[in-house]
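Engineer: Got a structure for you, written out below as structure tokens; questions coming shortly.
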Amino acid sequence: MQLCSVRRPPPPGAGNSKHRRELRSAERGLSPTKSIVRQHGAAKQWIAALRALGCALRERETVDVITYNAVVSACGKSNQWRQALSVLCELRRASLRPPVSTTNAIISACEWQRALSLLDGQLGDVALEPTVVSYTAAVSVCQRAGQWQRALLVLGRLRQAALEPDVVCLNAAIGACEQSGRWQRALSLLSEMRQRALAPSVRSFAAAVSACEKGRQWQRALSLLRELRRAALDPNVISATMLGSARAKSAGSGSGPWCC
1 MQLCSVRRPP PPGAGNSKHR RELRSAERGL SPTKSIVRQH GAAKQWIAAL RALGCALRER
61 ETVDVITYNA VVSACGKSNQ WRQALSVLCE LRRASLRPPV STTNAIISAC EWQRALSLLD
121 GQLGDVALEP TVVSYTAAVS VCQRAGQWQR ALLVLGRLRQ AALEPDVVCL NAAIGACEQS
181 GRWQRALSLL SEMRQRALAP SVRSFAAAVS ACEKGRQWQR ALSLLRELRR AALDPNVISA
241 TMLGSARAKS AGSGSGPWCC
């Protein structure tokens with residue numbers, strides 16, 4: 001989609017509330033067109049935001065990084081990563097530096113191959129100084145694509161960059177392992193969380209328990225659920241369902257009594 005053919009703002013005197021908002025924006029030093037761009041961006045209306053941005057550029061308005069960021073975020077949150085990258089490149093051609101949140105939003109919207117390329121700075125003019133959030137976004141993309149090995153590679157690169165993964169990042173990695181039934185990896189990541197003095201969340205335990213179930217590791221699943229309760233975390237419906245399943249299968253396997 002080209003950045004053009006925007007619907008023009010209402011003419012002066014239209015009297016509607018939208019026009020009044022535009023006038024207030026202009027009085028604050030923000031042009032009506034840029035105000036429209038930001039409004040559409042905040043509402044995740046990526047098509048309208050792109051068109052409004054095109055109008056601003058055609059009229060040779062000075063578009064600031066916040067306005068560009070609103071369009072990139074709208075495209076990214078709508079999974080329109082091609083459009084988001086196009087706007088990001090336009091931002092860089094304007095000699096503006098995008099905030100990290102902008103590139104993180106694009107990573108989250110990309111397919112896993114392109115997300116990793118963006119993380120490597122291999123998408124044309126797009127460069128990135130990754131943060132923990134950047135790596136977490138890439139791990140999550142790999143998780144959604146069922147690429148557990150790639151997710152762990154991204155996590156390894158985070159460590160090599162001397163960054164510390166947080167609970168959200170490790171949860172995404174555990175989730176990637178859970179989807180493929182890699183229970184040993186999931187438990188290893190849960191152990192890393194403890195070693196880093198991070199408090200596992202219910203989601204951490206739920207994903208690890210599910211991984212153990214998929215690997216037919218019933219006793220380990222029950223042990224994790226006991227630990228969850230000792231940590232004073234409230235088992236949600238998912239964990240409660242897992243508990244009933246693990247109990248039944250553990251009892252049926254003849255692997256000994258359980259207590260939870």
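Residue numbers (UniProt numbering): 1 to 260.
Glycine is no exception: its CB is placed at the ideal position from the N, C-alpha and C atoms.
1. Which value, in whole angstroms, describes the spacing of the CA atoms of A232 and R220?
2. Which class does R203 belong to by DSSP, given the choice of helix, strand or coil?
3. Return the Cβ separation of Q45 and A74 in integer angstroms, given the expectation that the two are a contact with Cβ distance under 8 Å.
4. When we look at the beta-carbon of G54 and count the other beta-carbons within 10 Å, is it buried (16 or more) or exposed?
5. Can you tell me whether E61 is helix, strand or coil according to DSSP?
6. Inspect the beta-carbon positions of V65 and L96 and report whether they are closer than 7 Å.
7. Measure the alpha-carbon distance for G15 versus N69 and round it to whole angstroms.
8. Considering only the alpha carbon of each residue, which of W148, R226, R92 lies closest to Q184?
9. What does a CB cutoff of less than 8 Å around L152 pick up in its chain, not counting 5 residues either side in sequence?
10. Could you give the first and the last residue of the continuous alpha helix (DSSP H) run that contains S223?
11. Could you check if T102 is buried or exposed, using at least 16 other CB atoms within 10 Å of its CB as the buried criterion?
12. Going by DSSP in three states, E90 sits in which element: helix, strand or coil?
13. Using 8 Å for Cβ pairs, my map puts A105 next to V72. What's the rounded Cβ distance?
14. In whole angstroms, give me the CA-to-CA distance for A161 and E59.
15. Around the Cβ of Q195, are there at least 16 other Cβ atoms within 10 angstroms (buried) or fewer (exposed)?
16. Sorted by chain position, which residues of the same chain lie with C-beta nearer than 7 Å to R182's C-beta, five sequence neighbours on each side aside?
17. Is E213 helix, strand or coil when you go by DSSP?
18. Return the residue from the list R216, L189, I107 that minimises the CA-CA distance to F205.
19. For N104, which three-state DSSP category applies?
20. Per DSSP, what kind of secondary structure is V237 in: helix, strand or coil?
21. State the DSSP-derived secondary structure class of R159, mapped to helix, strand or coil.
22. Which residues bound the alpha helix (DSSP H) around S134?
23. Less than 6 Å between C-beta atoms, sequence neighbours within five positions excluded: which residues of the same chain meet that for L158?
24. Which of the three DSSP states, helix, strand or coil, is assigned to G121?
25. Quick one: Cα of L119 to Cα of R229, how far?
26. For Q143, which residues from the same chain have a beta carbon less than 6 Å from its beta carbon, with the 5 sequence-adjacent residues on both sides left out?
27. Leaving out five residues on either side along the sequence, give the residues of the same chain with a beta carbon under 6 Å from the beta carbon of L91.
Structural biologist: Put simply:
1. Within the sequence shown, numbered from 1, the residue matching residue 232 stands at position 232. Within the sequence shown, numbered from 1, the residue matching residue 220 stands at position 220. Spanning the two alpha carbons is a distance of roughly 19 Å.
2. Your numbering for residue 203 matches position 203 in the sequence shown. In the structure shown, the three-state DSSP call for R203 is helix.
3. As a working mapping, residue 45 is identified with position 45 in the sequence shown. As a working mapping, residue 74 is identified with position 74 in the sequence shown. Contact between Q45 and A74 holds: their C-beta atoms lie close to 6 Å from each other, under 8 Å.
4. Against the sequence shown, residue 54 aligns to sequence position 54. Under this definition G54 is a buried residue.
5. Within the sequence shown, the letter at position 61 stands for residue 61. The three-state secondary structure of E61, taken from DSSP, is coil.
6. By 1-based counting over the sequence shown, the position of residue 65 is 65. By 1-based counting over the sequence shown, the position of residue 96 is 96. Yes, these two residues count as a Cβ contact at 7 Å.
7. Translated into positions along the sequence shown, residue 15 becomes position 15. Translated into positions along the sequence shown, residue 69 becomes position 69. Because the pLDDT at G15 is just 45, under 50, the model does not fix this residue reliably, and the point stays unresolved.
8. Numbered from 1 along the sequence shown, position 184 holds the residue referred to as residue 184. Of the candidates W148, R226, R92, the residue whose Cα lies closest to the Cα of Q184 is W148.
9. Along the sequence shown, one-based indexing puts residue 152 at 152. A distance below 8 Å between beta-carbons, with the five flanking residues on each side excluded, links L152 to the following residues of its chain, in chain order: A173, A176, C177, R185.
10. The residue labelled residue 223 in the question sits at position 223 within the sequence shown. Where S223 is concerned, the enclosing alpha helix (DSSP H) stretches over 218-230.
11. Within the sequence shown, the letter at position 102 stands for residue 102. Classification of T102: buried, given that the 10 Å Cβ count is 16 or more.
12. The residue given as residue 90 occupies position 90 in the sequence shown. Annotated three-state conformation of E90 is helix, per DSSP.
13. Walking along the sequence shown from the start, residue 105 turns up at place 105. Walking along the sequence shown from the start, residue 72 turns up at place 72. The Cβ separation is near 7 Å, so the contact holds.
14. One-based indexing of the sequence shown puts residue 161 at position 161. One-based indexing of the sequence shown puts residue 59 at position 59. Counting only the Cα atoms, E59 lies some 43 Å from A161.
15. Translated into the one-based positions of the sequence shown, residue 195 becomes position 195. So Q195 counts as exposed.
16. Numbered from 1 along the sequence shown, position 182 holds the residue referred to as residue 182. Correct list, in chain order: W148, A211.
17. As a working mapping, residue 213 is identified with position 213 in the sequence shown. Note: E213 maps to helix in three-state DSSP.
18. Walking along the sequence shown from the start, residue 205 turns up at place 205. Residue L189 holds the alpha-carbon nearest to the alpha-carbon of F205 among R216, L189, I107.
19. Counted from its first residue, the sequence shown places residue 104 at position 104. Note: N104 maps to helix in three-state DSSP.
20. One-based indexing of the sequence shown puts residue 237 at position 237. With a pLDDT of 46 at V237, under the threshold of 50, the modelled position of this residue cannot be trusted; read the value that follows with caution. V237 carries a helical assignment under DSSP once its states are collapsed to helix, strand and coil.
21. Looking up residue 159 in the sequence shown gives position 159. DSSP places R159 in helix when its eight states are reduced to three.
22. For the purposes of this step, residue 134 is identified with residue 134 of the sequence shown, where counting begins at 1. Where S134 is concerned, the enclosing alpha helix (DSSP H) starts and stops at 132-144.
23. For the purposes of this step, residue 158 is taken as the residue at position 158 of the sequence shown. Within the same chain, L158 has close Cβ partners Y135, P165.
24. Here residue 121 refers to the residue found at position 121 when the sequence shown is read from its first residue. Collapsing the DSSP output to three states places G121 in coil.
25. Walking along the sequence shown from the start, residue 119 turns up at place 119. Walking along the sequence shown from the start, residue 229 turns up at place 229. In this structure, the CA atom of L119 is about 38 Å from the CA atom of R229.
26. As a position in the sequence shown, residue 143 is number 143, starting the count at 1. Only A151, A172, G175, A176 meet the Cβ criterion.
27. By 1-based counting over the sequence shown, the position of residue 91 is 91. Only residues of its own chain outside the window of five on either side were considered, and among them Y68, P98 have a CB closer than 6 Å to the CB of L91, listed in chain order.
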